[in-house]
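If you read the sequence shown in the working numbering, its first letter stands for residue 829, the second for the next number, and so on.
Idealized CB from N, CA, C, for every residue including glycine.
A short write-up of the structure that comes next.
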Amino acid sequence: MKIIEYFMSDNKEHWNEQIAIAEWGAAKFLLKLLNDVQEFNALLGIGGKLFLLVDGENIVSFVTLTRQDCVRDENMFPWLGFLYTYPDYRGNRYSEKLLRYAEEEAKSDNHSIVYLATDHIGLYEEYGYTYLETRKDCWDEEARIYYKKL
């Protein structure tokens, strides 16, 4: 298995097909953004990254590292988002491996903290994240904001 950065890949069409079969509504939204770079940049910020943990030609897990997310706050960045692991690969802590990789990327870009917004309770605490607060996101839904010092 290896981790690749989607935007540096020459095989985007294949990865898009893989993302399209994810059984998660947010993956469909991510795919829409990937097919419209201007919209991706408008929502998530310029210079965003999508990391793919791949097993041969199959995506195991993916996560974004971006300047913005669904909770708008210019003082909070970068954000991790769209974390997903395909069902056949769950239970092996692959999402943790990918989170750690994204955290190291953020650290190498001189960030000392990362944020994420979710509706999950209890999941991200397992990975060292601390609950900060609940805010309305850009769709006017409640999102729990977590952070982790790097």
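Once you ignore the five residues that flank residue i on each side, which residues in its own chain have a CB closer than 6 Å to its CB?
i, result
"K877", "E833 and L893"
"G873", "T894, R895 and Q896"
"Y917", "V888"
So residue i and residue j are supposed to be a Cβ contact under 8 Å. How far apart are they, rounded?
i, j, result
"Y955", "L978", "Between L978 and Y955 the Cβ distance is about 13 Å, and since that is not below 8 Å, they are no contact."
"I831", "F879", "6 Å"
"L1006", "N844", "Lying before the first or after the last residue shown, residue 1006 is absent from the chain, which here runs from 829 to 978."
"K976", "Y957", "5 Å"
"Y952", "I973", "So it is not a contact: roughly 10 Å between Cβ atoms."
Going by the DSSP bridge assignment, what does residue i pair with across the sheet?
i, result
"A976", "Reading the sequence as shown, one finds Lys at residue 976 and not Ala. Answer by DSSP bridge pairing, in chain order: V942."
"S889", "L881 and T913"
"E833", "F879"
"A971", "R963"
"L927", "Answer is none; L927 lacks a bridge partner."
"L908", "L893 and L944"
Counting C-beta neighbours from all protein chains within 10 Å, is the total for residue i 16 or more, i.e. buried, or is it exposed?
i, result
"T962", "exposed"
"T913", "buried"
"G909", "buried"
"S936", "exposed"
"E931", "buried"
"F890", "buried"
"A850", "buried"
"I949", "exposed"
"Q866", "exposed"
"F857", "exposed"
Short of 8 Å in beta carbon distance, which residues of its chain neighbour residue i, apart from the five on each side in sequence? Order them along the chain.
i, result
"A971", "C898, V899, A945, T946, D947, T962, R963, K964 and D965"
"E933", "K877, F879 and L893"
"K840", "Y834 and L862"
"H939", "F905, P906 and L978"
"I847", "A855, L858, L859, L862, I887 and F890"
Which residues in the same chain have their Cβ closer than 7 Å to the Cβ of residue i, if we skip the five residues on either side of it in sequence?
i, result
"Y929", "I831 and F879"
"M829", "L881, V882, D883 and V888"
"Y922", "L881, V888, S889 and T913"
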